[in-house]
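Engineer: Residue numbers (the working numbering): 962 to 1081.
Got a structure here, written out as structure tokens. Questions coming.
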Amino acid sequence: MKHQIMWWMSRITIMLTSLALSMTLAAKAYAADTIQMGSGGNLIFEPNELTVSVGDTVTFVNGELPPHNVVFAGHDELSHPDLAFMSGEQFPVTFTEAGDFEFQCDPHAGAGMKGVIHVE
Ligand SMILES: [Cu+2]
962 MKHQIMWWMS
972 RITIMLTSLA
982 LSMTLAAKAY
992 AADTIQMGSG
1002 GNLIFEPNEL
1012 TVSVGDTVTF
1022 VNGELPPHNV
1032 VFAGHDELSH
1042 PDLAFMSGEQ
1052 FPVTFTEAGD
1062 FEFQCDPHAG
1072 AGMKGVIHVE
């Protein structure tokens, strides 16, 4: 009986450890390639500067003070000009070539809602 309890406790410990580890890794991957649109009650992209690799996908997530959109200067294929009104809406953008890609939120560019993604 005692052996069974020990066995289950070690099983549960292993399961919880691997669960915690995978959640940590997932959170890191998510945070690295996500840009919040409207953050902390400000009309900003958070972060407003990001460096990624060719082939990476950056996900823009609608946050506070909508509506927002994402327009890349000279890159219609990367832009999402449709306004996002709902918090939590997401625009994934995949970068297939290296370079510096400047973007802005059209309604709030005048307030400084701009950013740049470096693809290398
Ligand atoms: Cu905006």
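Just so it is clear, CB atoms sit at the ideal spot from N, CA and C, and this is done for glycine as well.
This one's a predicted model, so the numbers in the text were calculated from it and none came from an experiment.
1. Would you mind reading off the limits of the beta strand (DSSP E) that contains H1069?
2. Please list, following the chain, all residues that have a C-beta closer than 5 Å to any non-hydrogen atom of ligand 1.
3. For N1030 and V1015, what's the separation of their Cα atoms in angstroms?
4. What are the start and end residues of each continuous alpha helix (DSSP H) run of 4 or more residues lying completely inside the stretch 1018–1050, in chain order?
5. Tell whether a beta-carbon distance below 8 Å holds between N1023 and S1000.
6. In this structure, how does DSSP classify S1000 when only helix, strand and coil are distinguished?
7. Among residues of its own chain, excluding the 5 on either side of E1050, which ones have a beta-carbon nearer than 6 Å to its beta-carbon?
8. Looking only at DSSP bridge pairs, what is V1015 linked to?
Structural biologist: Concretely, from the data shown:
1. As a working mapping, residue 1069 is identified with position 108 in the sequence shown. It is not in any beta strand (DSSP E) - H1069 carries neither H nor E in the DSSP assignment.
2. Qualifying residues, in the order they occur: H1029, C1066, H1069, M1074.
3. The residue you call residue 1030 lines up with position 69 of the sequence shown. The residue you call residue 1015 lines up with position 54 of the sequence shown. If you draw a straight line from the Cα of N1030 to the Cα of V1015, it comes to about 23 Å.
4. Fully enclosed alpha helix (DSSP H) runs of 4 or longer: not present.
5. Within the sequence shown, residue 1023 is the residue found at index 62, counting from 1. Within the sequence shown, residue 1000 is the residue found at index 39, counting from 1. The beta carbons of N1023 and S1000 sit no closer together than 8 Å.
6. In the sequence shown, counting from the first residue as 1, residue 1000 sits at position 39. Strand at S1000.
7. Within the sequence shown, the letter at position 89 stands for residue 1050. Correct list, in chain order: N1023.
8. Here residue 1015 is taken as the residue at index 54 of the sequence shown, counted from 1. Note: V1015 is not bridge-paired with any residue in the DSSP secondary-structure output.
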